[in-house]
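Counting from 1, one number per residue, gives the positions in the sequence shown under UniProt numbering.
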Amino acid sequence: MSSAYDSLDPRVRKWVYKQGWSTLRPLQESSIPAILARDRDVLISAGTAAGKTEAFFLPACSAVADLTNGFGIVYISPLKALINDQYRRLGSLGDALEMPVTPWHGDVPQSKKKKARTNPAGILLITPESLESLLINSMGWLKQAFSSVAYIVIDEFHAFIGSERGVQLLSLLNRIDHVLGCQVNPIPRVALSATLGELEKVPEMLRPDKRLPCVTVTDSNSMATLQVQVKGYLERVIQNEEELQSSAEHDVCADIFRLCRGDSHLVFANSRKRTESIAATLSDMCEEQIVPNEFFPHHGSLAKELREVLESRLQKGNLPTTA
Numbered sequence: 001m002s003s004a005y006d007s008l009d010p011r012v013r014k015w016v017y018k019q020g021w022s023t024l025r026p027l028q029e030s031s032i033p034a035i036l037a038r039d040r041d042v043l044i045s046a047g048t049a050a051g052k053t054e055a056f057f058l059p060a061c062s063a064v065a066d067l068t069n070g071f072g073i074v075y076i077s078p079l080k081a082l083i084n085d086q087y088r089r090l091g092s093l094g095d096a097l098e099m100p101v102t103p104w105h106g107d108v109p110q111s112k113k114k115k116a117r118t119n120p121a122g123i124l125l126i127t128p129e130s131l132e133s134l135l136i137n138s139m140g141w142l143k144q145a146f147s148s149v150a151y152i153v154i155d156e157f158h159a160f161i162g163s164e165r166g167v168q169l170l171s172l173l174n175r176i177d178h179v180l181g182c183q184v185n186p187i188p189r190v191a192l193s194a195t196l197g198e199l200e201k202v203p204e205m206l207r208p209d210k211r212l213p214c215v216t217v218t219d220s221n222s223m224a225t226l227q228v229q230v231k232g233y234l235e236r237v238i239q240n241e242e243e244l245q246s247s248a249e250h251d252v253c254a255d256i257f258r259l260c261r262g263d264s265h266l267v268f269a270n271s272r273k274r275t276e277s278i279a280a281t282l283s284d285m286c287e288e289q290i291v292p293n294e295f296f297p298h299h300g301s302l303a304k305e306l307r308e309v310l311e312s313r314l315q316k317g318n319l320p321t322t323a
């Protein structure tokens, strides 16, 4: 291991050893000094499964390992499902440091939120919408709970770029700065993002006023490639119910069934209604072929229990699942 690795908290190094990792990835090694400096913003950009989460949390948790009064890290994610996944992933690291990890969104039980309200500490995993609710309804508590925050990290930052949600996020971050009175010494912001084409434009999107410099860490050794296939479907005019079998959506479902059955995939539709419709058609195809159903809808309006069962099934990976 390198000198960068040696700068991590001993308990973090012990946790890494218990994972069976003989070495850290170059992306993770490069991120350690940038995160530990705590005097700059950091953009960590790499492909899927490149270790971005650990690249941030290993040094960040080392920096706040002994903090007991208030949250040390605020993690913002656009998706509740991603927060649930990170909560599971960070659990053992939090245990190693005796550092609480608290998920906070609409599906989280009030008992868990109440515990964090009583004794805020460790890592807070939250959506922009829940963060805005705290700023509106619990500003006094937030000012106290966030008083020791060392990092604000935004996951899936590319999903916020150029969107209304991205503008909302920047507004929330600025409001936090004002509430905490840290305009002169701002809290470092860390963006975790998929590979982006124009990295030089990202720092301004992360902090438009440029009060802190921004360091970019990329995965130069990644050999991952992106494969894209574009396929068009002709939408025909449907005259009666019998012709539904020849609709463009049915053709799309037939291709998804042929290409995806037997493995795990994510399929994105343009609306919740379309998501439900496609999942229902694929489920019917499974029934017609007399095979187990492995196609399921997943969206924010789905019942919490159904979403969590599906997320757990995808997480375990022991059954082919397309959502």
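All C-beta atoms in this analysis are idealised placements derived from N, C-alpha and C, irrespective of residue type, glycine included.
The structure presented is a predicted model; accordingly, all values stated were derived computationally and were not measured.
Cβ-based burial, residue i [other Cβ within 10 Å; buried from 16]
{"i": "residue 99", "result": "buried"}
{"i": "residue 190", "result": "buried"}
{"i": "residue 86", "result": "buried"}
{"i": "residue 84", "result": "buried"}
{"i": "residue 173", "result": "buried"}
{"i": "residue 176", "result": "buried"}
{"i": "residue 160", "result": "buried"}
{"i": "residue 319", "result": "exposed"}
{"i": "residue 39", "result": "exposed"}
{"i": "residue 258", "result": "exposed"}
{"i": "residue 48", "result": "exposed"}
{"i": "residue 285", "result": "buried"}
{"i": "residue 235", "result": "exposed"}
{"i": "residue 136", "result": "exposed"}
{"i": "residue 155", "result": "buried"}
{"i": "residue 109", "result": "exposed"}
{"i": "residue 229", "result": "exposed"}
{"i": "residue 288", "result": "exposed"}
{"i": "residue 306", "result": "exposed"}
{"i": "residue 165", "result": "exposed"}
According to DSSP, residues forming a beta bridge with residue i
{"i": "residue 214", "result": "41"}
{"i": "residue 191", "result": "43 and 154"}
{"i": "residue 76", "result": "126 and 154"}
{"i": "residue 70", "result": "121"}
{"i": "residue 103", "result": "125"}
{"i": "residue 322", "result": "265 and 295"}
Nearest residue (CA-CA) to residue i, options the options
{"i": "residue 122", "options": "57, 228, 185 and 178", "result": "57"}
{"i": "residue 271", "options": "300, 287, 253 and 22", "result": "300"}
{"i": "residue 304", "options": "25, 105, 252 and 51", "result": "105"}
{"i": "residue 212", "options": "183, 8, 228 and 200", "result": "183"}
{"i": "residue 143", "options": "134, 180 and 164", "result": "180"}
{"i": "residue 11", "options": "29, 33, 65 and 37", "result": "65"}
{"i": "residue 81", "options": "63, 185 and 107", "result": "107"}
{"i": "residue 36", "options": "61, 27 and 132", "result": "61"}
{"i": "residue 171", "options": "59, 235, 205 and 317", "result": "205"}
{"i": "residue 129", "options": "79, 96 and 293", "result": "79"}
{"i": "residue 315", "options": "268, 264 and 119", "result": "264"}
{"i": "residue 217", "options": "51, 8, 14 and 185", "result": "51"}
{"i": "residue 187", "options": "250, 289, 74 and 117", "result": "74"}
{"i": "residue 63", "options": "77, 34 and 254", "result": "34"}
{"i": "residue 6", "options": "26, 59, 54 and 53", "result": "59"}
Contact with chain D by residue i, beta-carbon distance below 8 Å
{"i": "residue 73", "result": "The chain inventory of the structure shown lacks chain D, comprising one protein chain alone."}
Threshold first: 4 residues or longer. Then list the alpha helix (DSSP H) segments lying entirely within the segment 118-142, N to C. 128-137
Three CB pairs or more closer than 8 Å across the segment 123-132 and the segment 43-54: no
At what residue ranges does the segment 223-294 contain a whole run of the alpha helix (DSSP H), taking only runs of 4 or more? 248-260 and 272-288
Three-pair Cβ contact test at 8 Å for the segment 13-32 versus the segment 88-97: yes
Which whole runs of the beta strand (DSSP E) in the segment 6-64 are 3 residues long or more, in chain order? 41-45
Between the segment 63-79 and the segment 147-154, do three or more beta carbon pairs fall short of 8 Å? yes
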